[in-house]
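For the record, in the sequence shown the residue sitting at position 349 is 348 according to numbering that gives the first Met the number 0, with numbers rising by one throughout.
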Amino acid sequence: MDLDKEVTAARLTDDLVVDILSRLTYKSFCRCKCAYKAWSAFSADPDYCKKLPKKVTTGLLYQGHNKSAIPLVSLSQDDGEIDGILSDVPQYEHLEFLDCCNGLVLCKYRSSYTSPGICRFVVCNPATREWRILPDTHVGTDSRRDATILAFDPSWSPHFYVFNFNQHYHSPMSKLEIFSDGSMWLVDDKWDSYVSVCWRSHLFLDGVLYAETTGQDVLVFGALKLMRDGKLPYHQIIEKPSDTFYVGTFTHGCFGKSLGNLHYAMPDVSGHSIVIWTLDEYAHDWYVKCHTSMTDAFGRDDFVYYDNGGDGGDLHWFWNCDYWILALDLERDLVFLSDQKTNKLLSYNISTRELNEIRDHFERFQYHVYVPCYSKLPAQESSV
0 MDLDKEVTAA RLTDDLVVDI LSRLTYKSFC RCKCAYKAWS AFSADPDYCK
50 KLPKKVTTGL LYQGHNKSAI PLVSLSQDDG EIDGILSDVP QYEHLEFLDC
100 CNGLVLCKYR SSYTSPGICR FVVCNPATRE WRILPDTHVG TDSRRDATIL
150 AFDPSWSPHF YVFNFNQHYH SPMSKLEIFS DGSMWLVDDK WDSYVSVCWR
200 SHLFLDGVLY AETTGQDVLV FGALKLMRDG KLPYHQIIEK PSDTFYVGTF
250 THGCFGKSLG NLHYAMPDVS GHSIVIWTLD EYAHDWYVKC HTSMTDAFGR
300 DDFVYYDNGG DGGDLHWFWN CDYWILALDL ERDLVFLSDQ KTNKLLSYNI
350 STRELNEIRD HFERFQYHVY VPCYSKLPAQ ESSV
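Set out below in structure tokens:
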């Protein structure tokens, strides 16, 4: 933006600027924020953000067991499924889809030509057709339960972060590697292996990463900008909602966000409803936001059954539910579900109570909500 236009923009009142921006598409709004940085602050204002263009969920990304294409399942029934959304990335056929966060996609490069002790990650932006190959990391050969998480929020920082948990099965200590595209890999080689992170459920909000553990806790990382000074970010453990203890033994919940708040969703013990909690970030206490009736959604109430896991000896009863919560888009009041009885991918609108079929005859994979991000990846800093 040249000087004359910048001066003209500065003379407009905030209310008038927001009114103008509210008429744009989300893509055009992102471009305007890049042209005039002061407008980015409107997104953080609780009054203005309600009027500004919102991110629109395009669909759900996943990858099949054959690790081939990475399709985008569109939320529009007319669009169907788009194969190979990342097909412009070099060596696309060797990419293993790991995670997606606010428009960026994290993949692992998996080739028979790569040394077994080398792990290579690639971060891609399908909307801008950009990608970044991360420096190689080294992995061991013993049995592991690794989890790799991508953290990115363009409204908070242009930089992305990758958390790679090297979790050993038979060792009291594990290793955590954290990458920032503004620095390099930082390593905590004394990570407590008993803090085992789930690869499925996590969320990045306002510069803080929340990741569900295999226990009844949430691992919280903050102060990520310390990494630019070569320091590891701090972390702490908070408890999940107390009412999830029994059900959480057999399944995982799902994180979501709306209006700057963190939410956590899980079926109740009967399966008749999904309970959504909101986190009080200051007291780190959870309170119930709402109960979403699955009985109304499906028109039945026989969701939960118990079995002994096929064990012919002592009975160890397992809690099972006919539906799974795959993802949340609480900005649009949507819950994405997997119906195990009909093998359908569904969306449920909390406000209108409408249950819609997105796809039939699908395998139960790890689905990630995809929202296009039109911000370009920052220039890669050269190492000295």
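Even for Gly, the Cβ is constructed at its ideal location relative to N, Cα and C.
Whose CA, out of the options, lies closest to the CA of residue i?
{"i": "Ala282", "options": "Val72, Glu238, Ser111, Val334", "result": "Glu238"}
{"i": "Val88", "options": "Asp14, Phe120, Glu80, Leu218", "result": "Phe120"}
{"i": "Ile69", "options": "Leu11, Gln365, Thr127", "result": "Gln365"}
{"i": "Val246", "options": "Leu336, Gln90, Trp318, Asp359", "result": "Trp318"}
{"i": "Leu94", "options": "Ser67, Asn101, Ile117", "result": "Ser67"}
{"i": "Val287", "options": "Ala150, Val274, Thr243", "result": "Val274"}
{"i": "His64", "options": "Leu97, Gln90, Ile81", "result": "Leu97"}
{"i": "Pro377", "options": "Leu103, Asp332, Cys99", "result": "Leu103"}
{"i": "Asn260", "options": "His234, Cys197, Tyr209", "result": "Tyr209"}
{"i": "Cys253", "options": "Thr291, Val334, Ser292, Gly229", "result": "Val334"}
{"i": "Tyr233", "options": "Met265, Ser182, Asp180, Val207", "result": "Val207"}
{"i": "Cys320", "options": "Asp82, Asp13, Asp338, Ile84", "result": "Asp338"}
{"i": "Trp184", "options": "Phe159, Cys197, Arg199, Gln166", "result": "Phe159"}
{"i": "Ala264", "options": "Asp279, His290, Pro125, Asp46", "result": "His290"}
{"i": "Asp135", "options": "Leu60, Lys340, Asn342, Glu176", "result": "Glu176"}
Should residue i go down as buried or exposed, given a rule of 16 or more other Cβ atoms within 10 Å for buried?
{"i": "Lys256", "result": "buried"}
{"i": "Gln62", "result": "buried"}
{"i": "Trp285", "result": "buried"}
{"i": "Thr57", "result": "buried"}
{"i": "Lys189", "result": "exposed"}
{"i": "Phe249", "result": "exposed"}
{"i": "Val368", "result": "buried"}
{"i": "Leu74", "result": "buried"}
{"i": "Ser86", "result": "exposed"}
{"i": "Ser142", "result": "In this prediction, Ser142 has a pLDDT of 48, which is less than 50 and means its spatial position is unreliable; what the coordinates show is noted afterwards. Looking at its Cβ environment, which holds fewer than 16 other Cβ atoms inside 10 Å, Ser142 is exposed."}
{"i": "Phe244", "result": "exposed"}
{"i": "Ile236", "result": "exposed"}
{"i": "Thr351", "result": "exposed"}
{"i": "Ser241", "result": "exposed"}
{"i": "Lys107", "result": "buried"}
{"i": "His137", "result": "exposed"}
{"i": "Asp46", "result": "exposed"}
Give me the Cα-Cα distance between residue i and residue j, rounded to the nearest whole angstrom.
{"i": "Ala146", "j": "Trp276", "result": "25 Å"}
{"i": "Ile19", "j": "Ser374", "result": "21 Å"}
{"i": "Val17", "j": "Gln215", "result": "42 Å"}
{"i": "Val161", "j": "Tyr91", "result": "20 Å"}
{"i": "Leu105", "j": "Leu149", "result": "6 Å"}
{"i": "Glu80", "j": "Leu344", "result": "13 Å"}
{"i": "Ser292", "j": "Asn348", "result": "11 Å"}
{"i": "Ile84", "j": "Leu71", "result": "7 Å"}
{"i": "Asn165", "j": "His251", "result": "20 Å"}
So is residue i in contact with chain D if we call contact Cβ pairs under 8 Å?
{"i": "Leu208", "result": "The structure shown contains no chain D, having only a single protein chain."}
Contiguous alpha helix (DSSP H) assignments of at least 4 residues, all confined to the segment 202-264: Annotation: the segment 202-264 contains no complete segment of the alpha helix (DSSP H) (minimum length 4 residues).
Segment contact flag, the segment 192-204 with the segment 129-137, C-beta cutoff 8 Å, min 3 pairs: Verdict: no, contact absent.
Segment contact flag, the segment 300-308 with the segment 323-331, C-beta cutoff 8 Å, min 3 pairs: Not touching, per the Cβ criterion.
Segment contact, 8 Å Cβ cut-off, at least three pairs: the segment 254-272 with the segment 295-303: The segment 254-272 vs the segment 295-303: in contact.
Touching by the beta-carbon criterion (3+ pairs, under 8 Å), the segment 214-228 and the segment 289-299: Between the segment 214-228 and the segment 289-299 there are fewer than three C-beta pairs closer than 8 Å, too few to call the two in contact.
Completely contained alpha helix (DSSP H) runs for the segment 103-169, where each covers 4 or more residues: Counting only runs of at least 4 residues, the segment 103-169 fully encloses no alpha helix (DSSP H) element at all.
Contact between the segment 348-359 and the segment 106-124 (3+ Cβ pairs under 8 Å): Taking one beta carbon from each stretch, the segment 348-359 and the segment 106-124 have fewer than 3 pairs nearer than 8 Å; the two do not touch.
Inter-stretch contact (C-beta, 8 Å, three-pair minimum) for the segment 201-214 and the segment 155-169: Contact between the segment 201-214 and the segment 155-169 is present, because at least three Cβ pairs lie under 8 Å.
Complete alpha helix (DSSP H) runs within the segment 71-97 (minimum length 4 residues, chain order): Those alpha helix (DSSP H) runs which fall completely within the segment 71-97 and span 4+ residues do not exist here.
Contiguous alpha helix (DSSP H) assignments of at least 4 residues, all confined to the segment 306-359: You should have found no qualifying run.
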